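Sequential numbering from -12 applies to the sequence shown in the numbering used here. Glycine residues also receive a C-beta, built at the ideal position from the N, C-alpha and C atoms. All of these numbers come straight from a predicted model, not from anything done at the bench.
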Amino acid sequence: MGVLTASTPKPLLPLRGEPILAHVLRGLASAGVETVVIVVGYLGEQIVGRFGTGRELGLRLDYVWQQHPEGTAAALLLAEPHIKTQEIFLSWGDVVTSSYNYCRLRERFEALPCTGWIAVNEVEDPCAGAAVYLAEDGRVERIVEKPAPGTSTTRWNNAGLGIYRPLIFDYAREVAPSVRGEKELPQAVQQMIGAGHEVRACAIQGFWSDLGTPEALAEAEVAFDPSDRAG
């Protein structure tokens, strides 16, 4: 879990004087989201205690408990009964990126409302996360959750932000557990693409998610600019 997260959930690590999750929630609010369902697990009571109803951020927060780390697709299904909208804006709770990127993803979805839009970021080693393969027109051709080292030919990773039609729930239910017993959302997205549904990608810059060490957090602290419009 990293040195800094042994007793504190990663979304509560401080960045520019606020928990990382505060920046996430502010980004969602800037994109027009009014109600956020937060799936919490280990040490989740700290998150509930810090943010409560979300009033201070102009949001309504609901909480769902995931007792065991069963993956992002499983977390989405836990939140399903609380989601009543025609589209679902998903974000990891420890994403660090500017509010502009949340708004840009929303704008892309509204301009071309296909089955899903995901944010991708350019990386040196796509095998560290979910590798995303893109067509020339920006459509997602394939997404592979943590491919074997040296096997990926793309430079893009899933950045942990996405907007989907409710159809995503159906495919999340079909995901088979990994060898670790986890059901991951990229697997559901891949199944959706395989069934002929269109998913597109929005490239972003200025993105961090792996902040479980003092060094990584310090680097993001220096570089992060909430108003950054790069990319």
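Contact between V26 and A62 holds: their C-beta atoms lie close to 4 Å from each other, under 8 Å. F38 has no beta-bridge partner at all, per DSSP. When only Cα atoms are considered, Q174 and T40 end up about 32 Å apart. When DSSP assignments are scanned along the region 38 to 88, the uninterrupted stretches of beta strand (DSSP E) that are 3 or more residues long and fall wholly within it turn out to be 47 to 52, 75 to 78.
Here the region 144 to 160 makes contact with the region 178 to 195; the two share three or more CB pairs at distances below 8 Å.
In this structure L46 is not in contact with E67, their Cβ atoms being roughly 19 Å apart against a cut-off of 8 Å.
About 5 Å separates the Cβ atoms of A188 and V107, confirming a contact at the 8 Å cut-off. With respect to I7, V83 sits close: the two C-beta atoms are nearer than 8 Å.
Distance from the CA atom of A135 to the CA atom of A115, rounded to whole angstroms, is 9 Å.
By the neighbour-count criterion, in which 16 or more other beta carbons inside 10 Å mark a residue as buried, S(-6) falls on the exposed side. A118 is positioned such that its CB atom lies no closer than 8 Å to that of N88. Between H69 and V11, the gap from beta carbon to beta carbon reaches 8 Å or more. A direct Cα-to-Cα measurement between E208 and E132 gives close to 28 Å. Beta-bridge pairing by DSSP links Y151 to I75, G103. Less than 8 Å divides the Cβ of L(-1) from the Cβ of R37.
In the DSSP annotation of this structure, the continuous segment of the alpha helix (DSSP H) that includes A9 starts and ends at 7 to 17. For the options L30, A18, I34, the alpha carbon positioned closest to that of E5 is the one of I34. Of L172, Q192, L148, L99, the smallest CA-CA separation from D124 is found for L99. With a 10 Å radius around the Cβ and a threshold of 16 neighbouring Cβ atoms, E171 comes out buried.
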